[in-house]
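First up is the structure itself, then whatever we jot down about it.
Number of protein chains: 2
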Amino acid sequence: MSVERHTAETPAGERELPLVLLLRPLFPRFHVALTHKFRFLKPWESQLPPDEFLAAHAGAVRALLCSGPTPVDAELLASLPRLELVVASSAGVNHIDVAACRRRGIAITNAGNAFTDDVADFAVALLIDVLRKISASDRAINALPDICNSYGVGHVANLDKLGGKRVGIIGLGSIGSAVARRLGAFGCTILYHSKRKKPSVSYKFFSNVTDLAAESDVLITTCALTDETHHIIDKEVMLALGKDGIIINVGRGALVDEKELVRCLMEGEIGGAGLDVFKNEPVVPQELFHMDNVVLTHHQAVFTPESFDGLLEVVMGNLEAFFSNKPLLTPISE
Amino acid sequence: MSVERHTAETPAGERELPLVLLLRPLFPRFHVALTHKFRFLKPWESQLPPDEFLAAHAGAVRALLCSGPTPVDAELLASLPRLELVVASSAGVNHIDVAACRRRGIAITNAGNAFTDDVADFAVALLIDVLRKISASDRAINALPDICNSYGVGHVANLDKLGGKRVGIIGLGSIGSAVARRLGAFGCTILYHSKRKKPSVSYKFFSNVTDLAAESDVLITTCALTDETHHIIDKEVMLALGKDGIIINVGRGALVDEKELVRCLMEGEIGGAGLDVFKNEPVVPQELFHMDNVVLTHHQAVFTPESFDGLLEVVMGNLEAFFSNKPLLTPISE
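See below:
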């Protein structure tokens with residue numbers, strides 16, 4: 001059991017550090033910053049099978065730090081009878097069985113606003129990229145150095161202006177609001193759908209996403225992925241958006257019916273898409289390759305050092321608050 | 335001389351239309367809109383050599399409509415002794431011998447603000463693209479479908495946040511001001527260099543571009559290309575900007591010492607570049623291909639239908655004003 005001693009216990013003098021279960025290694029900078037404040041249980045370093053490892057430590061685990069999209073499902077939760085807190089490192093918590101946590105009274109915290117500005121910046125850039133064929137042009141220049149058509153003539157017919165566009169934001173939370181503020185400076189008109197009308201904003205509200213799509217030139221998804229928002233952009237919404245309409249997804253892949261999205265793009269039933277997230281990441285549908293009106297990135301909207309510094313603060317703050325019986329910084333509501 | 339009759343004269347009933355010399359075909363939509371208001375001289379349709387064609391019509395040509403970057407040099411101007419107006423279809427007029435026009439009292443008009451918003455939008459998108467590796471990621475996904483690394487991990491180390499960046503704008507005219515307004519909404523700090531300090535803005539002014547670069551994280555060129563601004567970003571400026579600094583050029587290729595730019599990018603002496611314009615368009619330096627920190631587009635910042643509608647209004651308005659002895663809409667000043 002020397003391995004268990006190594007991973008589950010700590011050197012003399014650090015016995016009093018609060019115990020936190022991990023499911024996979026932390027980002028190195030997080031490990032450096034947190035390792036002197038908490039004692040981490042690391043199942044992957046154990047020679048025991050994961051279920052036996054968890055069984056051996058379940059009685060002591062009150063907090064779980066879930067870095068990345070590793071699922072926290074009902075089975076895992078059932079193996080941790082004393083669990084009181086799940087700290088997620090993401091803004092969305094669709095990989096966590098929120099209902100099971102709620103039934104057990106287990107609190108969940110997310111990244112709060114750590115990623116807000118970076119995701120909003122990314123959404124705006126994806127939109128201009130699709131409208132103005134920036135990535136398509138860059139791709140063409142890099143692929144075909146001898147066919148540098150002068151003054152972009154080949155692309156002229158399909159370039160499109162941002163100013164004046166009616167942008168429908170799906171989910172006017174912190175990220176959606178940050179997108180709206182930015183696009184206001186470009187002369188766009190903001191419309192939105194969310195669970196409830198927000199009395200504090202003057203943007204036009206739509207309770208129905210199809211109605212929003214019918215009045216929008218662009219749809220941007222910034223809402224959480226839940227049972228209610230799964231495929232919130234479906235075939236009907238895409239057809240309402242129409243053949244010049246653009247979809248920007250910086251939320252989660254399953255917010256959009258990806259199969260229909262691919263079909264609508266291939267058949268020209270919508271005008272273009274900028275996609276940072278996909279249904280089966282890291283798999284990107286190959287039908288979308290080499291389309292001038294599609295920009296594809298790898299779930300990277302949040303990956304800046306500044307975002308991660310902000311996330312580290314939130315993660316550390318939530319764990320410290322929990323172990324000192326203070327209010328959590330970013331508990332998820334609803 | 336039937337060809338001359340066809341190209342230089344007009345059907346009965348349209349003889350009174352004012353005469354305008356072209357150097358190359360107009361965009362089709364411009365031709366449709368203008369052809370009933372003006373009588374166009376089209377040297378390329380003549381069987382005469384260009385110089386003989388011009389000699390045959392020089393006595394009647396008071397206005398020249400210069401669409402695209404075709405040079406209007408001293409030799410051409412000398413062949414048109416009665417010329418009073420050059421209407422340019424671009425914002426920059428570096429392809430026109432401005433000094434020779436000034437000596438002759440020939441007025442020049444440009445695109446005015448027709449392109450302002452589109453160029454500003456494009457500059458912002460290029461900057462976010464470089465910072466967040468959007469085009470590089472899109473290029474990698476399209477090129478290597480089987481190497482879709484999950485969650486952008488391969489790029490994480492080099493992604494960079496827009497908020498808080500100090501952006502040095504070179505040339506705070508209409509385009510530079512529009513860039514500044516947009517970047518304000520992203521939380522950037524704006525600095526600028528221009529010929530003179532602008533009393534109407536609170537951004538910090540630098541009379542010296544090297545000093546501006548030393549205090550900036552990003553340089554964006556939005557000034558006109560003149561003798562004074564040729565290579566305004568030279569080796570000294572790039573070294574002052576430093577190894578994390580980014581250059582965005584949406585002005586003219588020769589604003590930047592392209593040879594030094596390529597060297598600085600290859601040797602890591604600056605951090606990245608977003609380039610819509612080049613020294614010898616349409617040639618793009620091949621050394622810049624396949625660099626994750628470089629985004630390349632084809633002088634396409636202005637190509638939207640809305641920009642061209644605006645340009646058409648400006649071109650038509652200037653010609654109509656000239657032939658009815660009214661003030662020109664967009665005469666270039668010093």
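Order-wise, the sequence lines are chains A and B. Mapping to the numbering used here: the first sequence position 178 is 178, numbers consecutive. Mapping to the numbering used here: the second sequence position 48 is 382, numbers consecutive. The beta carbon of each residue, even a glycine, is placed where N, CA and C say it ideally should be. A quick note: this is a predicted structure, and the numbers were derived from the prediction, not measured.
Fill in: Inter-residue Cα distance where the pair is SER641(B) and SER137(A)
Within the second sequence, numbered from 1, the residue matching residue 641(B) stands at position 307. Within the first sequence, numbered from 1, the residue matching residue 137(A) stands at position 137. Near 19 Å, if we compare the C-alpha coordinates of SER137(A) and SER641(B).
Discussion item. By the three-class DSSP mapping on this structure, what secondary structure does ILE246(A) have?
Written reply: Along the first sequence, one-based indexing puts residue 246(A) at 246. In the structure shown, ILE246(A) sits in a strand (DSSP, three-state: E or B).
Worksheet item: Are there 16 or more other CB atoms within 10 angstroms of the CB of VAL487(B), so buried, or fewer, so exposed?
Response: Reading the second sequence from its first residue, position 153 is the one you call residue 487(B). Per-residue confidence for VAL487(B) stands at a pLDDT of 39, beneath the threshold of 50, marking its modelled position as unreliable; the derived number appears in the next sentence. Counting other Cβ atoms within 10 Å of its Cβ, VAL487(B) stays below 16 and is therefore classed as exposed.
Worksheet entry | Interface residues of chain A facing ALA459(B) [CB-CB closer than 7 Å] | Locating residue 459(B) in the second sequence gives position 125, where the first residue counts as 1. Those within 7 Å of ALA459(B) in chain A are ALA125, ILE128, ASP129, ARG132, ILE134.
Discussion item. Quick test of your reading: GLY108(A) and ALA78(A), contact by CB under 8 Å. State the CB separation rounded to the nearest angstrom.
Written reply: For the purposes of this step, residue 108(A) is taken as the residue at position 108 of the first sequence. For the purposes of this step, residue 78(A) is taken as the residue at position 78 of the first sequence. Just to set this straight, residue 108(A) is Ile in the shown sequence, not Gly. The beta carbons of ILE108(A) and ALA78(A) sit about 16 Å from each other, so the pair does not count as a contact at 8 Å.
Worksheet item: If we count Cβ pairs, one from each stretch, closer than 8 Å, do we get three or more for the stretch 644-655 of chain B versus the stretch 123-142 of chain A?
Response: Taking 8 Å as the limit for Cβ pairs, the verdict is that the stretch 123-142 of chain A does not touch the stretch 644-655 of chain B.
Fill in: Neighbour list for GLU640(B) in chain A, Cβ cutoff strictly below 8 Å
Locating residue 640(B) in the second sequence gives position 306, counting from the first residue. The answer, in chain order, is LYS161, GLY163, GLY164.
Item to complete: Enumerate in chain order the residues of its own chain whose CB-to-CB distance from ALA178(A) is below 8 Å, with the five nearest sequence positions on each side excluded.
Response: Position 178 of the first sequence holds residue 178(A). These residues qualify, in order along the chain: THR116, ASP117, VAL119, ALA120.
Discussion item. Can you tell me whether MET572(B) is buried or exposed? The criterion is at least 16 other CB atoms within 10 Å of its CB, across all chains shown.
Written reply: Position 238 of the second sequence holds residue 572(B). By the neighbour-count criterion, in which a residue is buried when 16 or more other Cβ atoms sit within 10 angstroms of its Cβ, MET572(B) is buried.
Worksheet item: With a cut-off of 8 Å, does the C-beta of LEU414(B) fall near any C-beta of chain A?
Response: Within the second sequence, the letter at position 80 stands for residue 414(B). So, not an interface residue.
Item to complete: Tell me, to the nearest whole angstrom, how far the beta carbon of LEU460(B) is from that of ASP561(B); I am working on the premise that it is less than 8 Å.
Response: Residue mapping note: residue 460(B) aligns to position 126 of the second sequence, counting from 1. Residue mapping note: residue 561(B) aligns to position 227 of the second sequence, counting from 1. In fact, because the Cβ distance is near 26 Å, the residues do not count as touching under 8 Å.
Worksheet item: Quick one: is HIS489(B) buried, meaning 16 or more other Cβ sit within 10 Å of its Cβ, or exposed?
Response: Within the second sequence, residue 489(B) is the residue found at index 155, counting from 1. Any answer about HIS489(B) is weak, because its pLDDT of 46 lies below 50 and its placement is not dependable; what the coordinates show is given next. Per the 10 Å Cβ criterion, buried.
Discussion item. Please report the distance separating the alpha-carbon of GLU379(B) from that of CYS435(B).
Written reply: Locating residue 379(B) in the second sequence gives position 45, where the first residue counts as 1. Locating residue 435(B) in the second sequence gives position 101, where the first residue counts as 1. Distance between the alpha carbons of GLU379(B) and CYS435(B): 27 Å.
Worksheet entry | Three CB pairs or more closer than 8 Å across the stretch 247-262 of chain A and the stretch 188-201 of chain A | No contact exists between the stretch 247-262 of chain A and the stretch 188-201 of chain A.
Worksheet item: If we count the other Cβ atoms within 10 Å of its Cβ and call it buried at 16 or more, is ASP160(A) buried or exposed?
Response: Looking up residue 160(A) in the first sequence gives position 160. Around the beta carbon of ASP160(A), 16 or more other beta carbons lie within 10 angstroms, which makes this residue buried.
Worksheet item: chain B partners of ASP138(A), CB-CB under 7 Å?
Response: As a working note, residue 138(A) is residue 138 in the first sequence. Neighbourhood of ASP138(A) in chain B, by CB distance below 7 Å: SER469, ARG473, VAL629, LEU630, THR631, in chain order.
Worksheet item: Within 8 Å (strictly less), CB to CB, does VAL32(A) reach chain B?
Response: Within the first sequence, residue 32(A) is the residue found at index 32, counting from 1. It does not: the Cβ of VAL32(A) has no partner Cβ on chain B nearer than 8 Å.
Fill in: Rounded distance between the beta-carbons of GLY510(B) and THR556(B), thought under 8 Å
For the purposes of this step, residue 556(B) is taken as the residue at position 222 of the second sequence. For the purposes of this step, residue 510(B) is taken as the residue at position 176 of the second sequence. About 4 Å separates the Cβ atoms of THR556(B) and GLY510(B), confirming a contact at the 8 Å cut-off.
Worksheet entry | Span of the alpha helix (DSSP H), counted from its first residue to its last, around PHE364(B) | Mapped onto the second sequence, residue 364(B) falls at position 30. Looking at the DSSP string, the run of the alpha helix (DSSP H) that includes PHE364(B) is 362-368.
Fill in: chain B within 8 Å of THR330(A), Cβ atoms only
Position 330 of the first sequence, counted from the first residue, corresponds to residue 330(A). No, its Cβ sits nowhere closer than 8 Å to a Cβ of chain B.
Worksheet item: What do you reckon, are the CB atoms on GLY187(A) and GLY163(A) nearer than 8 Å?
Response: Taking the first residue of the first sequence as position 1, residue 187(A) is located at position 187. Taking the first residue of the first sequence as position 1, residue 163(A) is located at position 163. Contact: yes.
Item to complete: Could you tell me whether any non-hydrogen atom of the ligand MN is closer than 7 Å to the CB of LYS204(A)?
Response: Ligands are entirely absent from the displayed structure, and the ligand MN is therefore not among its contents.
Practice prompt. Return no unless some Cβ of chain A is closer than 8 Å to the Cβ of GLY521(B).
Written response: Taking the second sequence and counting its residues from 1, the one referred to as residue 521(B) is at position 187. Closer than 8 Å: yes.
Worksheet entry | Contact with chain B by VAL314(A), beta-carbon distance below 8 Å | For the purposes of this step, residue 314(A) is taken as residue 314 along the first sequence, with counting starting at 1. With 8 Å as the cut-off, VAL314(A) does not count as an interface residue toward chain B.
Fill in: Simplified DSSP assignment, three categories, for VAL72(A)
Walking along the first sequence from the start, residue 72(A) turns up at place 72. Assigned with DSSP and collapsed to three states, VAL72(A) falls in strand.
Worksheet entry | Every unbroken alpha helix (DSSP H) inside the stretch 549-601 of chain B [4 residues or more] | Listed in chain order, the complete alpha helix (DSSP H) runs (minimum 4 residues) inside the stretch 549-601 of chain B are 569-575, 592-600.
Worksheet entry | Neighbourhood of SER401(B) by C-beta distance below 6 Å, restricted to the same chain and skipping five residues each side | Here residue 401(B) refers to the residue found at position 67 when the second sequence is read from its first residue. Excluding positions up to five away in sequence, the list reads LEU360, SER423.
Item to complete: Would you mind reading off the limits of the beta strand (DSSP E) that contains THR109(A)?
Response: Position 109 of the first sequence, counted from the first residue, corresponds to residue 109(A). That run of the beta strand (DSSP E) goes 107-109.
Fill in: Contacting residues, own chain, Cβ-Cβ under 7 Å from THR297(A) (five flanking each side not counted)
Looking up residue 297(A) in the first sequence gives position 297. Excluding five sequence positions before and after THR297(A), the CB atoms of its chain that fall closer than 7 Å to its own CB belong to ASP276, given in chain order.
Practice prompt. Inspect the beta-carbon positions of VAL167(A) and VAL130(A) and report whether they are closer than 8 Å.
Written response: Numbered from its first residue, the first sequence carries residue 167(A) at position 167. Numbered from its first residue, the first sequence carries residue 130(A) at position 130. No, these two residues do not count as a Cβ contact at 8 Å.
Item to complete: With a threshold of 16 other CB atoms inside 10 Å of the CB of LYS467(B), please say whether the residue is buried or exposed.
Response: Counted from its first residue, the second sequence places residue 467(B) at position 133. By the 10 Å Cβ count, LYS467(B) comes out buried.
Item to complete: Could you tell me whether the Cβ atoms of HIS231(A) and ASP257(A) are closer together than 8 Å?
Response: Position 231 of the first sequence, counted from the first residue, corresponds to residue 231(A). Position 257 of the first sequence, counted from the first residue, corresponds to residue 257(A). Taking 8 Å as the cut-off, the beta carbon of HIS231(A) is found closer than this to the beta carbon of ASP257(A).
Practice prompt. Could you check if SER97(A) is buried or exposed, using at least 16 other CB atoms within 10 Å of its CB as the buried criterion?
Written response: Position 97 of the first sequence, counted from the start, is the residue given in the question as residue 97(A). Contrary to the premise, residue 97(A) reads as Asp rather than Ser in this sequence. Buried: at least 16 other Cβ atoms inside 10 Å.
Discussion item. Taking the alpha helix (DSSP H) that ARG500(B) belongs to, which residues open and close that run?
Written reply: To locate residue 500(B), count along the second sequence from 1; it is residue 166. Here ARG500(B) belongs to no alpha helix (DSSP H); instead the beta strand (DSSP E) covers 500-504.
Discussion item. Could you tell me the alpha carbon to alpha carbon distance between GLY271(A) and ILE440(B), rounded to whole angstroms?
Written reply: Here residue 271(A) refers to the residue found at position 271 when the first sequence is read from its first residue. Here residue 440(B) refers to the residue found at position 106 when the second sequence is read from its first residue. The C-alpha of GLY271(A) lies about 45 Å from the C-alpha of ILE440(B).
Item to complete: Output the distance between the C-alpha atoms of LEU398(B) and PHE374(B), rounded to the nearest integer angstrom.
Response: On the second sequence, residue 398(B) is found 64 positions in, with the first residue counted as 1. On the second sequence, residue 374(B) is found 40 positions in, with the first residue counted as 1. Rounded to whole angstroms, LEU398(B) to PHE374(B) spans 9 Å at the Cα level.
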